[in-house]
Amino acid sequence: MKEMEFWKIGSDFLDECCKSHLKEVEDELAEIAERVRTILVDREGDPSAGGWQRFQISVWRLMEKPESSLPAHVIAIVSFIFILISSVVMCVGTIPELQVPDSEGNLTEHPTLEVIETVCICWFTVEYLLRLISSPNQIKFFFSFMNIIDFMAIMPFFVVLILTSIGAGVMELANVQQAVQALRIMRIARIFKLARHSSGLQTLTSALKSSLKELGLLLMYMGVGVFLFSALGYTMEQNHPDTLFTSIPQSFWWAVITMTTVGYGDVYPKTTLGRCNAAISFLCGVIAIALPIHPIINNFVLFYNKQQVLDTAAKHEIELMALRTGELEAPPGEHKHICGAAGWDETVRTCHSDTHIPVLKDGSRGGAGFQPQTMETSFDNTSAESSDNYIS
């Protein structure tokens, strides 16, 4: 990058492979810079913000940044416990021995479980509202996938409460009960709330999103195999007096459980040709499933390692900026941390290591599409070069 800027070589002269690599590096630097700024804001806040904005930032940090403080860490643990309790209550409530009959003689959840469920819903509701109010962008927050999951986790409770209270006078009780049971099924969405507290699950989600092509190929292979082997199985078994393959659509189930190596045994071939067809379908299923697994695992490892490297690089930049802060004496009456969130834009040239100067500098870009990585910092050459090598 330095050589390109020195020789005034634009990115248009690069091959596609080099352009893609340069784009990846710039994206990584931009993401590291954003993480550094987020860490600084979490540590020091924004002194230019008003009272309500400072309150929003504090609440947002408390609800969304478990690593920012001890109370935030405690709230994250409590939220995790409530998610587990709610999931356990949902499962335990279906045990017939723990259910009680209502006025109509139908079995319902035990009142104690309903009380626990109400407490959990109250916590989820307060948590969701606080996060919504303190969010920097309410519209983006509301339509975020994980926040939609959070909304679906609490919405059925209030809908059931409303339907139960007005159902007797508006519609038949049976219809109300059917609607209530359908909405209660949506409580399973709460288990997805665990993804908010697990970086591993978030990484897995990102890996699956990047592996949609491989997953699509897997579904295509399985679909073709299911159709082919179910048709062959029906053809080979239809003349047997005790055949279990009554039609091709009903044979789909057998083909699916055979190709996925489940093999329940409820449907099985009874002729020699049918058994040979089952063996071939089993082998083809193993091969079809194994082929896209390796790319998916590679994507997961790539995303996981990238997150670890970016986190470490951001912390490394914070340490370099802390070293710079310790070398200078802040003038009286000024902010002590000149590299903090308050002075991020103004002091980036003198505070930040030259690793992120292409991403963070103001002004026009150079001929290569980025700012020159000049040695304008007061770090010695060794510190700046070590930072540059660390990121690369």
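Counting along the sequence shown from 1, when you hit position 72 you're at 72 in UniProt numbering, and nothing is skipped either side.
The beta carbon of each residue, even a glycine, is placed where N, CA and C say it ideally should be.
Residue burial annotation: C120 is buried, with at least 16 other C-beta atoms found within 10 angstroms of its C-beta. By the 16-neighbour rule on beta-carbons within 10 angstroms, S247 is exposed. Residue pairing by DSSP places L107 opposite P101 in a beta bridge. Listed in chain order, the non-local C-beta contacts of H240 below 6 Å within the same chain comprise K270 and T271, local neighbours out to five positions each way being set aside. F245 sits buried, since 16 or more C-beta atoms from the chains shown fall within 10 Å of its C-beta.
Residues M152 and P156 of the same chain have their beta carbon placed closer than 7 Å to that of M186, with the five preceding and five following residues left out of the count.
W60: member of the alpha helix (DSSP H) spanning G51 to E64, first to last residue.
Under the Cβ criterion (8 Å, minimum of three pairs), the region 199 to 217 counts as touching the region 285 to 299. At a Cβ-Cβ threshold of 8 Å, M259 and G285 count as neighbours. In the displayed model, N239 falls within coil according to three-state DSSP, outside both helix and strand.
By alpha-carbon distance to E97, the top candidate from D266, P249, V89 and L107 is L107.
In the three-state reduction of the DSSP assignment, D266 falls in the coil class, being assigned neither a helical nor a strand state. Shown here for W253: same chain residues with a beta carbon closer than 8 Å to its own, the five before and five after excluded, namely V267 in chain order. The way I'd put it, the region 66 to 86 does touch the region 113 to 133; three or more beta-carbon pairs between them come closer than 8 Å. Between the region 300 to 319 and the region 199 to 209, the count of Cβ pairs shorter than 8 Å is three or higher; the stretches touch. Going by DSSP, G93 is part of no alpha helix (DSSP H) at all; its letter is neither H nor E. By alpha-carbon distance to G51, the top candidate from T118, L113 and S134 is S134.
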